[in-house]
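Novice: 264 is the number that full-length UniProt numbering gives to position 264 of the sequence shown; each next residue is one higher, with no gaps.
First the structure, which I've put down as structure tokens, then a few questions once you've had a look.
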Amino acid sequence: MGGVGVSLALLVAVVLSAVAAAPQLAGTAKAEHSLGIIQKDIIQTVNKHPNAGWTAGHNPYFANYTIEQFKHILGVKPTPPGLLAGVPIKIHPEMDLPKEFDARTQWSSCSTIGNILDQGHCGACWAFAAVEALQDRFCIHLNMSVSLSVNDLLACCGFLCGSGCNGGYPISAWRYFRRSGVVTEECDPYFDQTGCQHPGCEPAYPTPKCQRKCKVENQAWKENKHFSVNAYRVHSNPHDIMAEVYKNGPVEVAFTVYEDFAHYKSGVYKHITGGVMGGHAVKLIGWGTSDAGEDYWLLANQWNRGWGDDGYFKIIRGENECGIEGDVTAGMPSTKNTARNNDVAFGTAIL
């Protein structure tokens, strides 16, 4: 009887606790819906911090973004362990690497490496970073200048990649390239060209529908596909990541974003203040060491050039800051379809 009484009392306590917490949770959600992601106190905290190593400021890209909207564009979902089963992890032998490296200058004829794109209000970062790295590698390894379609991957990979504009899994993007290929941007352009701007616009854009048809009349969907030959993860040791980028080109990396990251303007980022916002994927293109002696990674974001250092950012290297070294994915470009594509100008050789 005593045991029943204790259980009943515990149950009542849990219910009362949940009821008490409900208004607080609702209040938090309401605040996120109205509170802007750019906050003066975060800027001041970072800029007054003696060891921050970076400068915070008002990024124009997020001038009208709420916390809720900001969270929505952070589209990397935690990868289910089952998806990683059988995925090879690449380890590179010891080799001499330069102290500084920038893929934009190393492969200066590959203009896609230096492009800064805009994902709009869709949580498609997982797709953007993958497509960008693959198209760079087509140029580096096959001398092909080609802009590939984020829309194809976002709309047509389906549940295998996650939930489209509501987030996805980087490794699944690379598996899609190997299995199904990806068409050009000309064939299937990105759906969100203007962002969410009209009055009353719903920021949580629905995932575009998979059409499997080129917007350009004289182009065939299947013949327009560009493939990868494999999909792999890179070992989290900084040397392996550096060697991979040095030998094969940019890679996709995923990491945890905190509130202060939205305010990044310059310097070598490390988390200083603010709560967890979500997971984000970007393209890693190089590394170096700051004047203050901090080793860093150099990365290209897809929040246009109105964010950060002209669309780029640096983050501290060698400390797995925000998990930046723990989830690195890539693949190598395939020659499948490329001869035909060159013949009909789907890809233009750089000679």
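Don't be surprised by glycine CBs; every beta carbon is placed ideally from N, CA and C.
Assuming residue 283 contacts residue 300 (C-beta within less than 8 Å), just tell me the rounded distance between them.
Specialist: Working through the sequence shown from its first residue, we reach residue 283 at position 283. Working through the sequence shown from its first residue, we reach residue 300 at position 300. Rounded, the Cβ-Cβ distance is 5 Å, consistent with contact.
Novice: Can you name, in chain order, every residue of its own chain whose Cβ lies under 8 Å from the Cβ of residue 332, other than the five neighbours on each side?
Specialist: The sequence position of residue 332 within the sequence shown is 332, counting from 1. Contacts found: 137, 141, 228, 229, 230 and 248.
Novice: Rounding to the nearest angstrom, what Cα-Cα distance links residue 44 and residue 273 in this structure?
Specialist: Residue numbering aside, residue 44 sits at position 44 when the sequence shown is read from its first letter. Residue numbering aside, residue 273 sits at position 273 when the sequence shown is read from its first letter. Their backbone Cα atoms lie some 10 Å apart in a straight line.
Novice: When the distance is taken between beta carbons, is residue 126 closer than 7 Å to residue 267?
Specialist: Here residue 267 corresponds to residue number 267 of the sequence shown, with the count starting at 1. Here residue 126 corresponds to residue number 126 of the sequence shown, with the count starting at 1. No, the Cβ-Cβ distance between residue 267 and residue 126 is not below 7 Å.
Novice: Once you ignore the five residues that flank residue 170 on each side, which residues in its own chain have a CB closer than 8 Å to its CB?
Specialist: By 1-based counting over the sequence shown, the position of residue 170 is 170. So the qualifying residues of the chain are 76, 79, 126, 129, 130, 252, 254, 281, 327 and 329.
Novice: Pairs of beta-carbons, one from the segment 283-299 and one from the segment 307-327, closer than 8 Å: are there three or more?
Specialist: Short answer: they touch.
Novice: With a CB to CB cut of under 8 Å and the five nearest residues on each side skipped, what residues in its chain are close to residue 160?
Specialist: Within the sequence shown, numbered from 1, the residue matching residue 160 stands at position 160. 172, 175 and 176.
Novice: Under 8 Å by Cβ, that's how I've got residue 306 and residue 60 pegged, so tell me the actual separation to the nearest angstrom.
Specialist: If you number the sequence shown from 1, residue 306 lands on position 306. If you number the sequence shown from 1, residue 60 lands on position 60. The pair is a contact, with the Cβ atoms about 4 Å apart (cut-off 8 Å).
Novice: According to DSSP, simplified to helix, strand and coil, what is residue 269?
Specialist: In the sequence shown, the residue the question calls residue 269 occupies position 269. Strand.
Novice: Grab me the residues of residue 25's own chain with a C-beta within less than 8 Å of its C-beta, minus the 5 sequence neighbours each way, in chain order.
Specialist: Within the sequence shown, residue 25 is the residue found at index 25, counting from 1. Residue placement at residue 25 is flagged as unreliable, the pLDDT there being 41, under the threshold of 50; a coordinate-derived value is accordingly withheld.
Novice: Taking contact to mean 3 or more Cβ pairs, one atom from each stretch, closer than 8 Å, check whether the segment 229-244 and the segment 177-190 are in contact.
Specialist: The answer is yes - the segment 177-190 touches the segment 229-244, with three or more Cβ pairs under 8 Å.
Novice: Taking its Cβ as the centre, do 16 or more other Cβ atoms sit within 10 Å of residue 168, making it buried, or is it exposed?
Specialist: What you label residue 168 is simply residue 168 of the sequence shown in a count that begins at 1. The residue in question, residue 168, is buried, as its Cβ has 16 or more Cβ neighbours within 10 Å.
Novice: What ranges does the alpha helix (DSSP H) occupy inside the segment 67-91, keeping only unbroken runs of at least 4 residues that lie completely in it?
Specialist: Those alpha helix (DSSP H) runs which fall completely within the segment 67-91 and span 4+ residues are 67-73 and 81-84.
Novice: In its own chain, which residues sit with a C-beta less than 6 Å from the C-beta of residue 286, not counting the 5 before and 5 after it?
Specialist: The residue labelled residue 286 in the question sits at position 286 within the sequence shown. Hits under 6 Å: 101, 102, 103 and 298.
Novice: Assuming contact is defined by CB atoms lying nearer than 7 Å, are residue 123 and residue 89 in contact in what I supplied?
Specialist: Mapped onto the sequence shown, residue 123 falls at position 123. Mapped onto the sequence shown, residue 89 falls at position 89. It is not a contact, given that the beta carbons lie outside the stated cut-off.
Novice: Going by C-alpha distance, which of 240, 50, 257 and 99 is nearest residue 278?
Specialist: If you number the sequence shown from 1, residue 278 lands on position 278. It is 257 whose Cα lies nearest to the Cα of residue 278.
Novice: Quick check on DSSP: helix, strand or coil for residue 277?
Specialist: The residue you call residue 277 lines up with position 277 of the sequence shown. Note: residue 277 maps to strand in three-state DSSP.
Novice: Give the range of the beta strand (DSSP E) segment to which residue 314 is assigned.
Specialist: Numbered from its first residue, the sequence shown carries residue 314 at position 314. Its beta strand (DSSP E) spans residues 312-316.
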